[in-house]
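Just below is one structure, and these are the notes that go with it.
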Amino acid sequence: MHPDHSRYANFTSRARLEKSVNSLLGLVEGITIDCAINQSEIAFLNLWLSEHADVSDRHPYNELVPVVQAAVADGVLTREEHDDIVWLCERLRSTEYFDETTADLQRLHAILGGIVSDGQITEAELEGLSGWLTDHEHLRTCWPYDEIDSLIVGVMNDRKIDDHEHALLKSFFSEFVAIMDDRTINRPIVSDGTNIIGLCAVCPEIEFTSSTFCFTGASSRYTRSELAATVERLGGTFAPNVTKGIKYLVIGADGNPCWAYACYGRKVEKAVQLRKSGVRVLIIHENDFHDAVADAGQRLA
């Protein structure tokens with residue numbers, strides 16, 4: 001675990017447990033949403049088992065892990081095995097640490113990861129996902145529900161997924177692979193004529209002078225104080241929280257295992273809300289930030 005995360009881990013251990021149960025539930029739903037399953041999707045479940053091997057003797061994993069292990073042992077996930085896992089996950093879920101909206105968004109993220117786990121997205125999977133969205137309309141207006149719904153409607157208008165649409169779907173869904181808790185966004189989505197709004201700006205123009213920066217997640221290269229000092233050295237200012245006054249929110253490449261979702265947390269959620277309300281907030285990946293720092297250093301030299 002990254003040192004920046006350790007001080008939060010003790011306070012979020014139960015919440016991270018809840019998140020992993022929600023993610024398993026969504027993962028199983030995602031890989032079976034087209035009523036079929038292949039070896040790549042089975043491998044994804046085995047990856048979940050691998051990631052939780054060190055806690056398999058703790059509740060609730062001591063109940064979950066044997067059920068999942070038995071289900072995938074023969075390389076096939078039957079409908080009965082699927083129903084057993086979903087039933088157990090549903091009973092192990094609670095709203096003690098996450099409200100219903102957050103828990104179901106975690107589930108949606110994992111469904112997307114399950115759908116894309118074999119590298120192929122089919123019309124049947126989109127139809128199943130569309131049905132799930134209809135059954136969970138309480139998530140409407142919550143990112144990324146609206147964007148997913150809009151994308152499905154656009155793609156399925158002719159009832160076929162062409163190569164360009166498949167590439168866009170695969171890129172978007174891949175951002176929500178929820179196995180690795182410290183995963184963060186590294187392939188921002190390009191709207192390209194659709195209504196999809198990716199989190200991170202593509203090739204952003206970053207100006208430091210008189211601009212306010214906020215950081216979230218962790219960096220493997222610099223501490224938070226070093227990042228703030230870099231911004232100030234180049235003429236900008238640092239803010240600890242997301243407000244209407246910030247211009248850039250930088251997502252650290254190492255993410256944060258304590259985030260409620262697979263690839264973002266409270267600060268990103270707040271920035272997305274501000275952006276939807278009309279406030280111009282650019283969300284940028286740490287790699288683009290470092291590139292801009294290097295460019296600014298050359299100009300100052």
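Numbering follows full-length UniProt numbering, with no gaps: position 13 of the sequence shown is 13.
Where a beta carbon is used, it is the ideal one built from N, C-alpha and C, also for glycine.
query = In three-state DSSP terms, what is residue 203?
reply = coil
task = With DSSP collapsed to three states, give me the class of residue 142.
result = coil
ask   = Where do the ends of the alpha helix (DSSP H) carrying residue 166 lie?
value = 163-174
ask   = Cβ of residue 26 within 8 Å of Cβ of residue 121?
value = no
inquiry  = Our contact map puts residue 155 next to residue 161 with C-beta atoms below 8 Å; I'd like the distance itself, whole angstroms only.
reply    = 6 Å
Other residues of its chain near residue 214: CB distance less than 6 Å, five sequence neighbours each side excluded = 239, 242, 246 and 249
Continuous beta strand (DSSP E) stretch holding residue 248: start and end = 248-251
key: Residues that DSSP places opposite residue 237 in a beta bridge   = 212
ask   = The beta strand (DSSP E) spanning residue 285 covers which residue range?
value = 282-285
key: Sequence-distant residues of the same chain with beta carbon closer than 6 Å to residue 174, five excluded per side   = 116
request  = Identify the continuous alpha helix (DSSP H) that holds residue 119 and give its terminal residues.
outcome  = Neither: residue 119 is in no alpha helix (DSSP H) and is coded neither H nor E.
key: Close beta carbons around residue 88, own chain, < 7 Å, minus the five adjacent residues each side   = 63, 64 and 67
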